[in-house]
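FYI, numbering that gives the first Met the number 0 numbers position 49 of the sequence shown as 48, with every residue one higher than the one before it.
Heads up, the beta-carbon is just placed ideally off N, CA and C, and yes, glycines get one too.
Computed from a predicted model, the values in this text were never measured in an experiment.
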Amino acid sequence: MKNKIIGTTTMKKYLTSLFLFMLMLGKLHGQTDFTKPEDTLTILEHPSSFSDLIKQFKGKVIYIDIMASWCKPCIQELKISKGLDQFFAKENIVKLYISIDNFGQTDKAIEILKTENIKGYFVTYQAPDGKPNQFATDLENLLLFDNKKQFRGIPIYAIVDKQGTLITNDAKRPSSGEELKKQLQKTNNSHN
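Rendered as structure tokens:
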């Protein structure tokens with residue numbers, strides 16, 4: 000059997016046709032960005048610091064949900080937050096979930112998020128090697144502990160503005176509905 004070599008021109012035509020087909024298929028389903036994170040749960044690599052994590056979303060308001068797989072109020076709020084998906088998409092607001100599950104237990108948090116069909120981004124508080132790191136220290140100082148270094152309890156919600164500034168570490172919960180929407184819209188509109 001002889002090997003067939005496809006010419007460069009033929010390959011270009013094929014790839015162009017394939018691209019156009021995918022683009023048309025996406026438009027039929029209202030999607031032109033085939034990696035839209037709003038449509039899935041995207042698991043992020045462990046960041047070196049809180050600011051490095053936030054830089055990934057520069058230009059967007061970020062709603063942070065600090066949760067754990069063993070936290071029943073966290074899971075109840077997750078179920079409620081699904082009802083806000085259209086609002087988050089319309090306002091172009093990022094949903095960022097941070098699990099504080101113990102090292103080796105974060106798979107449980109991911110499983111819950113996937114089972115509940117949660118959309119957004121996910122990262123774990125714990126480093127993959129289980130050792131303390133700057134990201135964990137940043138979270139402790141900015142979000143997890145109060146001024147007296149007491150653990151605040153979870154779930155914790157926070158809002159970061161489009162410039163990457165932490166606006167509040169005491170944001171409204173998804174169950175607060177319209178109050179949360181107003182809080183996020185205020186941040187979204189006042190920091191253009």
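Simplified DSSP state of residue i, which is helix, strand or coil
i	result
Ser47	coil
Leu95	strand
Thr39	coil
Neighbourhood of residue i by C-beta distance below 8 Å, restricted to the same chain and skipping five residues each side
i	result
Ala135	Tyr124, Gln125 and Ala126
Ser48	Gln133, Phe134 and Asp137
Leu67	Residue identity differs from the one stated: residue 67 is Ala in this sequence, not Leu. The residues are Cys73, Ser98, Ile99, Asp100, Ala108 and Ile153.
Sequence-distant residues of the same chain with beta carbon closer than 6 Å to residue i, five excluded per side
i	result
Lys26	Below a pLDDT of 50, predicted positions are generally treated as unreliable, and Lys26, at 43, falls in that range; no measurement from the model is reported.
Ile42	Phe121
Asn187	Val60 and Glu90
Inter-residue CB distance, residue i and residue j (contact presumed, cutoff 8 Å)
i	j	result
Gln182	Ala170	6 Å
Pro173	Ile79	4 Å
Gly119	Leu95	6 Å
Lys81	Glu44	Incorrect: roughly 25 Å between the Cβ atoms, too far for contact.
Ile74	Ile97	Not quite, the Cβ-Cβ distance comes to about 15 Å (not below 8 Å), so this is no contact.
Leu141	Leu165	6 Å
Cβ shell of residue i (< 7 Å), same chain only, five flanking positions each side left out
i	result
Asp145	Arg151
Practice task
Output the residue ranges of the beta strand (DSSP E) runs that lie fully inside the region 97-172 and measure 3 residues or longer, sorted by chain position.
Solution key: 119-123, 155-159 and 165-167
Problem - Any 3 or more C-beta pairs closer than 8 Å across the region 55-69 and the region 156-171 - result: yes
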